[in-house]
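Peer 1:
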């Protein structure tokens, strides 16, 4: 039964967001409820269990469809490929007590807000649902559920100041608190009994319970007990692990739930309260000293310095400035564009310093509370992770379905055989159900889990921690890795390499660091002393590493003992003085009066500074191209571009410096940023060196040799990024780099895209990058798809995604460098690669890569900060050497999973075929025979087969990703046929032997003894007579020549397939390195051969075996040897013969269905690709992606890389 959404019955929740859902309205119906309860009772709870697994069936059975307005129960369905359903009950919040105590009508208080639109008249109730910790209320007018716990987005800057500037009234605060709920990120520790019930009700354990009950009914006590012990152990380990995670997460968030804060109440003044009482719109007063923020808030007066390491992974102080009082009607976020985060203080971050302005205290308006905050979003991403779609798990379910179908055939056969022979009905049912537990191995999930656990343990020893074990198998399929640059491929810190000053529009001699003499006094030194956002914290200079290096090179010091008062202002400003090693300066010191913080959108920062007792000046630093545009043209050297290219081409990070004097008498606080950052004088270029990490080059070469693509995704300059990519051998020296530039056409809705070749000029000493052009205008590259690389900026990427959507896949196929990428663009890029069917890994330092780490198939964080909590893998050592290590282990784990699937399929099929053969004679295996196969053979093999480690070399191809692949299916089918042939052959041939008797199970040994002398014959007869008596007493009906033959053949056959399926090279180490497994196999084979050749009455009696002539035993061993030889030969010569399969693919013209492979084939035939020195124009229709590039972006991060 599916959904057929009627107009009011259905709506969308969180439209366009990552957690978008469809919502359907339902109303419970009495007679349906009664019928369901009757069903629960009659099915002994089976129907209730089914409804627990399938909540949508529960709702469809118990309720009728209705409009969302009338709904008491809502059904939610995710809009992704998984379409996961969940059921929620509508709750009612009564606000009547508050409103009745207040004479005024509620709508007169806040007629615009969702709070008044949600209150129903006359009941004075609010209808709400809670989904993934977020509360939604029913908007009576819009007829939809809307999120509460955050300020509406449509307030303008001036409206926020006017409406919330003096605080909420006590009444408004109470109404909001009741509707929004408490401001807490509450992650309760899940009780152990709840975890236990949830785990026990897993379909797999329910099937095991069914199997165990059946075995107890058949007196198969030993294995049933063993399975119970194993299952309990598995359940307790899982519950313990889940409990530990729950406790860890609870501790992570509990500290922020109860902080004392000061709020400003309208007409009532300041008031202290606990932070869980805060509501959106409250006026928060930030006092001096350190403070943890309990919510997201917009700063509306003063200035703050905040440590955002909790959310970004970078413990660099960030300066926050107040929201301007702009007089337009644009929503505040649109007005501030990309810079809105500069006004937002995020929950979970720490305020280090506050600076009040002339309005007195530092104030902030509460923007979001509880799980709506930045920190709440991070916690929700851990509580509700995105489900992974991996073919292995999908195929695993199909595989189990096939086994169940296989078992159904066996059940029909069993019923027919036993009924036709007049067996008792109860016995027939037991035997038929027994077939299911034989054909579907209950130990399969446990055996697959052990492989993952061992891999996790091996990774832990190598310093790689995994919080999402199911992703380990996915790592075996990775074929594209995106790397962040700074801190990942290159060293974290920057070293100051040189300074290229400019005077009178000409570059002067370069000053190389570290130099013997200090920098001479002048505008450049002044800029380096003050143009930064450094602070002194606990006696140590803190801030962006780039700023720290620049300031340290001046040999000046920050004087934090006390500030200087300027022109009667009360605020204290940072003072800078020459240090002992500094060059002599004609001033006592410099003071920063005002700061315009670094903006990623503007790619620069500025300060207004003043000599103590001197004039005021503006200093700006940022991306050289941007700084040069703000300078007066006559002050910029004519060779600016060639000099910039010279240094960026060598991988240096280059920063532009500029300044200007301010007119006397102007208040620095009255000036706008546009006024300050105009008509500047160009001062020169600061050159920073960012060295490659030692292991970067060998790791990238190893990945390249293994045919795994490497892509650089950075916030740095495109020239620098290309050079680093070349130095790291991400781009081969023989390959061409094509720069893709996309621009919006001013005054229209269309855009242009241009391809330019970047060519290295060898004649220069350092080598520089030049635009390669020819007079002909149109050039073609006669190159294969792997011989050129595209490089593009984040801006170009966004325009291509908007206006040239059809070109994006073609560009991604050969794009290697993405520069100036924002966090949201990084996430979007990873998702675009995934759409091309790449298995994408993302490796970053956990800072601005949070979103991309979460979206990728395997996110590997090199930072142990809490921000990396969204990443499935974290490396203790900040080195990309963990990437090939993870891929190796992932490939080994994937192959182990396939081996285990194949082995379990064969073991259950061998046992199943043996039992069905014996059912023909109304016989079966005895309990100890089952026990030996299930426990002594399969369980031990299942545990030890996964010990084999990963092969140290990465081969240039991946293991298969699906169970339903021709080689794997052929391997399983052929081995089933070999086993079937051997068992039928043994079953039939034993009946043709001269000593065979259907009724006398001792005839073989008696006839064998007839050939010996009389004395021995007599003693033998005496012995067998005694044995006859013994057997007569305890014979349980299982003993027969067929049983003995089939059981011994099938048991040793299980060992044969275990050895044949234990793959070694190229993905795992050779099987002989798994000493435990080899010893286990030798031990098991020894015991089996002992059972074949020994004739010990007590052992045979216990195992339900009978004595057979020695020649027959040798014949069985020969049958097994032939089966092993054929099976091994076929596995090695056919199944594992990669050349043969490639030849078959070529012969039958089979091509990969992956999107990127299809595209590669198309582009190879396209002589017009890639175009060079051409410009294409888009149609006027654009795809609206600018607002949200998709993916999960860290709301707190604003990368300092983006400008420099």
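In my numbering, the protein residues as written are 73 to 1276.
Think of the CB as a built atom: it goes at the ideal place given N, C-alpha and C, for glycine as much as any other residue.
Here the structure is a predicted model, which is why all the values come from computation and not from measurement.
#1: Could you give the distance in angstroms between the alpha-carbon of residue 1151 and the alpha-carbon of residue 1015?
#2: Taking contact to mean 3 or more Cβ pairs, one atom from each stretch, closer than 8 Å, check whether the stretch 422-439 and the stretch 188-198 are in contact.
#3: May I have the straight-line CA-CA distance separating residue 814 from residue 1247, to the nearest angstrom?
#4: Extract the residue ranges of the alpha helix (DSSP H) inside the stretch 530-556, only unbroken runs of 4 or more that lie entirely within it.
#5: Where do the N-terminal and C-terminal ends of the beta strand (DSSP E) with residue 929 fall, by residue?
#6: So residue 158 is in the beta strand (DSSP E); what residue range does that whole segment cover?
#7: Which residue from 1052, 1135 and 982 puts its Cα closest to that of residue 963?
#8: Taking 7 Å as the limit between beta carbons, can you name the residues of its chain near residue 87, skipping five residues before and five after?
#9: Can you name the start and end residues of the beta strand (DSSP E) that residue 379 belongs to?
#10: What do you get for residue 367, buried or exposed, if any count of 16 or more other CB atoms within 10 angstroms of its CB means buried?
#11: So, is residue 352 buried or exposed, given that buried needs 16 or more other C-beta atoms within 10 angstroms?
#12: Below 8 Å, how does it come out for the stretch 604-618 and the stretch 388-397: are there three or more Cβ pairs, yes or no?
#13: Could you give the C-beta distance for residue 257 and residue 451, rounded to a whole number, given that I count them as a contact under 8 Å?
#14: With a floor of 3 residues, list each beta strand (DSSP E) that falls wholly inside the stretch 550-632, ordered by position along the chain.
#15: Starting from the Cα of residue 158, find the closest Cα among 131, 623 and 137 and give me that residue.
#16: Is it the case that the CB of residue 1140 approaches a heavy atom of the ligand GTP more closely than 7 Å?
#17: Could you check the C-alpha separation between residue 154 and residue 539 for me, to the nearest Å?
#18: Touch check for the stretch 756-765 and the stretch 544-554: three-plus C-beta pairs under 8 Å?
#19: Take every Cβ of the stretch 1025-1044, pair it with every Cβ of the stretch 1155-1172, and state whether three or more of those distances are shorter than 8 Å.
#20: Could you pull out every residue in the same chain whose Cβ sits closer than 7 Å to the Cβ of residue 1097, ignoring the five residues on either side in sequence?
#21: Closest to residue 255 by CA distance: which of 1193, 442 and 923 is it?
#22: Quick one: which unbroken alpha helix (DSSP H) runs of 4-plus residues sit fully inside the stretch 201-256? Chain order, please.
#23: Have a look at the DSSP bridge pairing and note the partners of residue 680.
#24: Look up residue 323 in the DSSP assignment and give the residues it is bridged to.
#25: Among 982, 1067 and 1169, which one has its Cα closest to the Cα of residue 1128?
#26: Does the stretch 1229-1241 come within contact of the stretch 1160-1179, defined as at least 3 CB pairs closer than 8 Å?
#27: Straight-line CA distance for residue 1278 to residue 696?
#28: Go ahead and pull the three-state DSSP assignment for residue 1112.
#29: With a cut-off of 8 Å on the beta carbons, I'd call residue 365 and residue 421 a contact; round off their distance for me.
#30: Quick one: residues in its chain with C-beta nearer than 8 Å to the C-beta of residue 522, no 5 flanking neighbours on either side, listed in chain order?
#31: Put residue 1059 into one of helix, strand or coil per three-state DSSP.
#32: To the nearest whole angstrom, what separates the beta carbons of residue 913 and residue 894, a pair I think is in contact under 8 Å?
#33: What distance in whole Å lies between the Cβ atoms of residue 1126 and residue 1000, which are believed to be in contact at a cut-off of 8 Å?
#34: Using only alpha-carbon positions, find the residue among 864, 868 and 204 that is nearest to residue 817.
#35: Applying the 10 Å Cβ sphere with the 16-neighbour rule, what's the burial state of residue 1239?
#36: Would residue 1112 pass as a contact of residue 995 if the rule is Cβ separation under 8 Å?
Peer 2: Taking the geometry as given:
#1: 13 Å
#2: Too few Cβ pairs lie closer than 8 Å, so no.
#3: 9 Å
#4: 544-547
#5: Premise fails: residue 929 is in no beta strand (DSSP E) and is neither H nor E.
#6: Residues 157-161.
#7: 1135
#8: none
#9: 375-379
#10: buried
#11: Around the beta-carbon of residue 352, 16 or more other beta-carbon atoms lie within 10 Å, marking it buried.
#12: yes
#13: About 6 Å; that satisfies the 8 Å criterion.
#14: 552-555, 567-575, 607-609, 612-614 and 628-631
#15: 131
#16: Of the ligands one can find in the structure shown there are none, so the ligand GTP has no counterpart to examine.
#17: 22 Å
#18: no
#19: no
#20: Since pLDDT at residue 1097 reaches only 36, below the 50 mark, its modelled position is unreliable, and no value is offered.
#21: 442
#22: If we require 4 residues or more, the alpha helix (DSSP H) runs fully inside the stretch 201-256 come out as 229-236 and 242-252.
#23: 666 and 690
#24: Answer is none; residue 323 lacks a bridge partner.
#25: 982
#26: no
#27: The structure shown does not extend to residue 1278, since the chain spans only 73 to 1276, so no value can be given for it.
#28: In the displayed model, residue 1112 falls within coil according to three-state DSSP, outside both helix and strand.
#29: In this structure residue 365 is in contact with residue 421, their Cβ atoms being roughly 6 Å apart against a cut-off of 8 Å.
#30: 1014, 1015 and 1018
#31: In the three-state reduction of the DSSP assignment, residue 1059 falls in the helix class, which pools H, G and I.
#32: Not a contact, Cβ separation roughly 20 Å.
#33: About 16 Å separates the Cβ atoms of residue 1000 and residue 1126, ruling out a contact at the 8 Å cut-off.
#34: 868
#35: exposed
#36: yes
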